[in-house]
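Following numbering that gives the first Met the number 0, the numbering of the sequence shown begins with 0 at its first residue and continues without gaps.
Cβ atoms here follow ideal geometry from the backbone N, Cα and C, with glycine treated the same way.
If you're wondering where the values come from, they're calculated on a predicted model, not measured in any experiment.
First up is the structure itself, then whatever we jot down about it.
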Amino acid sequence: MEFKARIAQGETLCGTIVTLNLPSVGEVLSECGFDWLWIDMEHAPFSLSDVQAMLQAKNRACGALVRIPVNSEEWIKRVLDLGVEGIIIPHVNTAEEAKRIIDISYYPPQGCRSVGMSRANRYGLDSRYKQEANEKRGIFVQIEDKEGVANIEEIAKLPGIDGIIIGPTDLSGSYGKLGQVRAPEVVEAIEKVLKVCKRHKKPIGIFAKEAELGQHYIKQGFQLVAVGIDVHYLWTAAKAAVTSLKS
Ligand code: 3PY
Ligand code: MG
């Protein structure tokens, strides 16, 4: 089943963040049973070609959401054309920003997305893509600033936004508690966003560095839960091995 349909059915989908721009990294992680990869162009040195190569390498049963570097038409359009299950737009703070994203991301008549031959439409061979893309591709915006939390009601209302993903680390910084994702102010903001999204039946996701926190978020009702980061998995295992060898 398509990724967006699984979300609509209320399934909880577990992902992980990918920052190492090697196709094999996405390939290995997609074989681990994650439902989706969060390919991170915001903080990692992925080129569009790197992302395309990773999409070609990964197991097809595992979806891919690509976080674009900044909220801009160029990135939205070019990343959607790579043929992804969806895009994640960081730091969205107002309904006006979200409406502009919808306009750029949807083909007419819902929006003004431009058409080109690309991997998304199998280089032009898939003539149905233009009709199906609006329904099937997911547009996810990140709430990770105080301003976004203040405007969550207006953003969550918009039907063209397929889900809200909280960025707890940046959110903690916005409340003067950088890195303290369990600080009371941050937890309160997370709960507010969760409550509003539930009221609007808007799928909601979040990132957790560790699986234990991810489990907590799943129990709270988060549906898209990204746990861990490739480099963090790598160094925690490597450090544990070194520690055991040297002790
Ligand atoms: C954040 O925590 O700020 C994110 O964007 C997820 O990594
Ligand atoms: Mg962030």
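For Thr-18, the distance from the CB to the nearest heavy atom of the ligand MG is not below 8 Å. Your pair Gly-159 and Ile-138 checks out as a contact, with CB atoms roughly 6 Å apart and the cut at 8 Å.
Not one heavy atom of the ligand MG lies closer than 8 Å to the C-beta of Gly-147. Cβ atoms of Gln-51 and Arg-118 come within 8 Å of each other, at about 6 Å. A distance criterion of 8 Å places the beta-carbon of Glu-143 in contact range of the ligand MG, judged by its closest non-hydrogen atom. Inclusion of Lys-57 and Glu-26 in the CB contact set at 9 Å is warranted, their separation being smaller than that value.
For Asp-161, the closest of Lys-98, His-42, Ser-171 by C-alpha to C-alpha distance is Lys-98. Bridge pairing for Asp-39: Arg-66 [DSSP]. Distance from the C-beta of Glu-96 to the nearest heavy atom of the ligand MG is not below 8 Å. Non-local C-beta neighbours of Gly-110 in its own chain, meaning closer than 7 Å and more than five positions away in sequence, comprise Ile-101, Asp-102, Ile-103, Ser-104, ordered along the chain.
Ala-225: member of the beta strand (DSSP E) spanning 223-228, first to last residue. Taking the C-beta atoms as reference points, Asp-144 is found nearer than 9 Å to His-90.
Counting only residues of its own chain and dropping the five nearest sequence neighbours on each side, Tyr-106 has a CB closer than 8 Å to the CB of Arg-112, Val-114, Lys-129, Ala-132, Asn-133. Relative to the Cα of Val-192, the nearest Cα in the group Leu-47, Glu-152, Ser-171, Arg-59 belongs to Glu-152. If only complete runs of 3 or more residues are kept, the stretch 196-222 shows the beta strand (DSSP E) at 203-207, in order along the chain. Beta-bridge annotation (DSSP): Phe-139 is paired with Ile-87, Gly-162. At least one heavy atom of the ligand 3PY is found less than 8 Å from the C-beta of Pro-89. Sequence-distant partners of Arg-77 (beyond 5 residues in either direction) whose C-beta falls short of 8 Å from its own C-beta, in its chain, are Leu-47. Sequence-distant partners of Gly-62 (beyond 5 residues in either direction) whose C-beta falls short of 6 Å from its own C-beta, in its chain, are Phe-2, Trp-35, Glu-84.
With contacts defined by Cβ atoms closer than 9 Å, Ser-29 and Ala-60 form a contacting pair. DSSP places Gly-172 in the helix class (H, G or I) of the three-state scheme. With respect to Asn-70, Glu-95 sits apart: the two C-beta atoms are not nearer than 9 Å.
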